[in-house]
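The structure appears right after this line, and notes come after that.
Residue numbers (full-length UniProt numbering): 1 to 412.
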C-alpha cells in the first residue's frame with residue numbers, strides 16, 4: 001500500500017491559500033504506536049518543501065490532523081501501561097503524539113526556514129496524516145455507539161465512554177504492528193454562474209464569476225488554484241445589480257504573501273477597462289477572521305429583488321393595490337423544497353419571510369423567489385399567483401441588493 005501525504009500551507013491574501021504534496025513513507029518499519037508519524041523525515045520534508053516554494057512569510061502557525069487510529073493506539077498503550085507499569089499511575093502526564101508531531105514540524109520550520117511560530121499567523125501550515133491500513137480500527141467504537149463519530153468528539157464520545165474491558169475486547173491488549181508507515185497528507189449579465197457550471201463534462205454557462213475574478217488574483221499571488229465563497233447564490237439567469245454580492249476568494253498556495261493594495265485595485269480596474277460582464281467593488285486583502293461574516297450572515301441577511309412577472313390575464317388596478325397593500329406587512333411563506341432542487345436538497349417545509357412586496361420583493365435569505373411567484377404546484381403558500389388569483393410565472397429576475405456589510409469600505 002502506498003501511503004498518501006498532504007501538506008498544506010495557508011495564508012489570507014485576497015483570500016485563503018493552500019497546496020498539497022505527496023511524500024514517500026520511510027523505509028524503516030513503522031512504530032505500532034505512532035505509525036511512523038514522529039519520524040524526523042516527515043518534519044524535514046515539510047520544511048524543505050516550504051522553503052523550496054519561497055513563501056513570503058516571517059511567521060507561521062502549524063496545525064496537525066491525525067488518523068483516528070492514532071487515538072485508538074494511544075488509548076490502548078495507556079491502558080497497557082497502567083496495567084503493567086506502576087509509574088504510570090503516578091498521575092504524570094506525558095505529551096501525546098499530536099503535540100509531539102506539531103513540535104517536531106514547528107522546530108524544523110524554525111531551523112530550516114528562519115520563520116517564527118505564531119498561533120495567530122495568517123500563514124498556516126496544515127499537515128494531515130492518513131494511514132489506510134489502520135483506517136477501520138475504530139469501527140468497533142462506531143458499532144458500539146450505533147453512529148459515526150467525528151474526529152473532534154472522537155476521544156470524548158468514543159474512547160472516553162468506552163469501559164476499559166470493552167475497549168480491550170474490541171481492540172486488543174496493545175497496539176498491533178503494521179506493515180506500512182503513515183505518511184503526511186457580481187455579474188451584470190444573465191447566464192453567468194457563480195462558479196463553473198459543468199454537467200456531464202459539458203459547460204452550461206460560458207463564464208463564471210469565480211473565473212473572471214479568481215484568474216487574475218491567482219496570477220497576482222502566484223497561487224496553484226482558488227475558491228470563491230459568496231454570500232449565497234442565485235440561478236445563472238439571475239442578474240446581480242446594485243453594489244453586488246459579498247464574496248471572498250481563497251487562493252490556494254500563494255508564493256506571494258504581501259500584496260500592496262494598489263496591485264489589488266489594479267485587478268478591479270482591469271475588469272472595468274476590459275468591459276467585463278463581471279465587475280467588483282472594494283477589492284482588498286482581508287484576514288481569516290474577516291470571512292466569518294459571510295457565514296454568520298447566512299440566515300440574517302435580506303435581499304431585494306426586482307421581478308418581471310407574466311400573468312395569465314391583466315390585473316385590475318384594484319387587484320394591484322390589494323397586493324401592494326398586503327405587501328406593506330411582513331408575509332410568512334411556507335415553502336416546501338422546490339421540485340427543481342428536490343434531487344439535491346432535503347424535502348423540508350421552510351418558513352420564509354417577505355419583508356416588503358411592491359413588484360419589488362424584499363425577503364430573508366434562502367427564499368425561493370421564482371417559486372413564490374408561480375407557487376410551485378402549491379408547494380409555496382401564499383404565492384403571488386394566489387394573491388392575484390391567476391396563473392403567474394417569472395420572466396426575469398434581478399437582485400438589487402444584499403444587505404450584508406462586507407467587505408469593509410476602503411479609505412481613500
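For each residue, glycine too, the CB sits at the ideal point set by N, CA and C.
Please read all numbers here as calculations on a predicted model, not as lab measurements.
Within 10 angstroms of the Cβ of residue i, are there 16 or more other Cβ atoms? Answer buried if so, exposed if not.
i, result
"residue 101", "buried"
"residue 346", "exposed"
"residue 325", "exposed"
"residue 348", "exposed"
"residue 366", "exposed"
"residue 141", "buried"
"residue 68", "buried"
"residue 246", "buried"
"residue 408", "exposed"
"residue 135", "exposed"
"residue 223", "buried"
"residue 37", "buried"
"residue 300", "exposed"
"residue 42", "buried"
"residue 99", "exposed"
"residue 221", "buried"
"residue 184", "For residue 184, the predicted structure reports a pLDDT of 41, less than 50, and the residue's modelled location is therefore unreliable. A value from the coordinates is still provided. Buried, by the Cβ-count rule."
"residue 339", "exposed"
"residue 330", "exposed"
Using only the alpha-carbon positions, how far apart do residue i and residue j sit?
i, j, result
"residue 335", "residue 311", "21 Å"
"residue 403", "residue 355", "13 Å"
"residue 410", "residue 295", "22 Å"
"residue 202", "residue 193", "14 Å"
"residue 53", "residue 115", "14 Å"
"residue 238", "residue 46", "45 Å"
"residue 236", "residue 291", "24 Å"
"residue 322", "residue 240", "29 Å"
"residue 401", "residue 381", "24 Å"
"residue 275", "residue 206", "16 Å"
"residue 229", "residue 249", "6 Å"
"residue 81", "residue 264", "57 Å"
"residue 360", "residue 113", "57 Å"
"residue 132", "residue 79", "24 Å"
"residue 252", "residue 337", "34 Å"
"residue 118", "residue 226", "25 Å"
"residue 266", "residue 44", "39 Å"
"residue 211", "residue 328", "40 Å"
"residue 343", "residue 277", "31 Å"
"residue 156", "residue 261", "Confidence in residue 156 is poor, its pLDDT being 49 and thus under 50, which makes the residue's placement unreliable; the coordinate value appears in the next sentence. Cα to Cα, residue 156 sits roughly 45 Å from residue 261."
"residue 200", "residue 362", "36 Å"
"residue 196", "residue 208", "5 Å"
"residue 368", "residue 127", "40 Å"
"residue 167", "residue 139", "12 Å"
"residue 51", "residue 104", "16 Å"
"residue 63", "residue 40", "17 Å"
"residue 341", "residue 379", "13 Å"
"residue 279", "residue 163", "60 Å"
"residue 242", "residue 385", "27 Å"
Assuming residue i is part of the beta strand (DSSP E), what are its boundary residues?
i, result
"residue 307", "302-311"
"residue 399", "392-402"
"residue 247", "247-252"
"residue 59", "59-65"
"residue 43", "Note, residue 43: premise wrong, no beta strand (DSSP E); alpha helix (DSSP H) at 40-52."
"residue 126", "123-130"
"residue 361", "360-364"
"residue 331", "331-336"
Write down the C-beta distance between residue i and residue j rounded to the nearest angstrom, noting that I regard them as a contact closer than 8 Å.
i, j, result
"residue 61", "residue 124", "5 Å"
"residue 121", "residue 56", "About 12 Å; that fails the 8 Å criterion."
"residue 49", "residue 129", "Their Cβ separation, rounded to whole angstroms, is 15 Å, which puts residue 49 and residue 129 out of contact at 8 Å."
"residue 353", "residue 332", "6 Å"
"residue 429", "residue 406", "There is simply no residue 429 to check, as the chain begins at 1 and stops at 412 in what is shown."
"residue 297", "residue 383", "Wrong, their Cβ atoms sit about 27 Å apart, outside the cutoff."
"residue 281", "residue 244", "6 Å"
"residue 234", "residue 302", "The Cβ separation is near 14 Å, so there is no contact."
"residue 204", "residue 213", "The pair is not a contact, with the Cβ atoms about 19 Å apart (cut-off 8 Å)."
If you follow the alpha helix (DSSP H) that residue i is in, where does it begin and where does it stop?
i, result
"residue 416", "Given that the chain is displayed from residue 1 to residue 412, the structure contains no residue 416 and the question cannot be resolved."
"residue 113", "97-113"
"residue 317", "317-327"
"residue 72", "68-84"
"residue 37", "Run containing residue 37: none; DSSP gives neither H nor E here."
"residue 293", "292-296"
"residue 370", "369-374"
"residue 271", "261-273"
"residue 228", "Looking at the DSSP string, residue 228 is not in any alpha helix (DSSP H); the run it does join, the beta strand (DSSP E), is 225-230."
| Is there contact between the region 285-296 and the region 267-275, where contact requires at least three CB pairs shorter than 8 Å? | no
| field | Inter-stretch contact at 8 Å, needing at least 3 Cβ pairs: the region 371-379 / the region 217-226 | value | no
| query | Between the region 32-42 and the region 70-84, do three or more beta carbon pairs fall short of 8 Å? | reply | yes
| Would you call the region 361-373 and the region 254-261 in contact, with 3 or more CB pairs under 8 Å? | no
| request: Mind the definition here: the region 387-400 touches the region 291-306 only if three or more C-beta pairs lie below 8 Å; say whether that holds. | output: yes
| message | I'd like to know if the region 314-332 and the region 378-391 are in contact, where contact means that at least 3 CB-CB pairs between them fall below 8 Å. | response | yes
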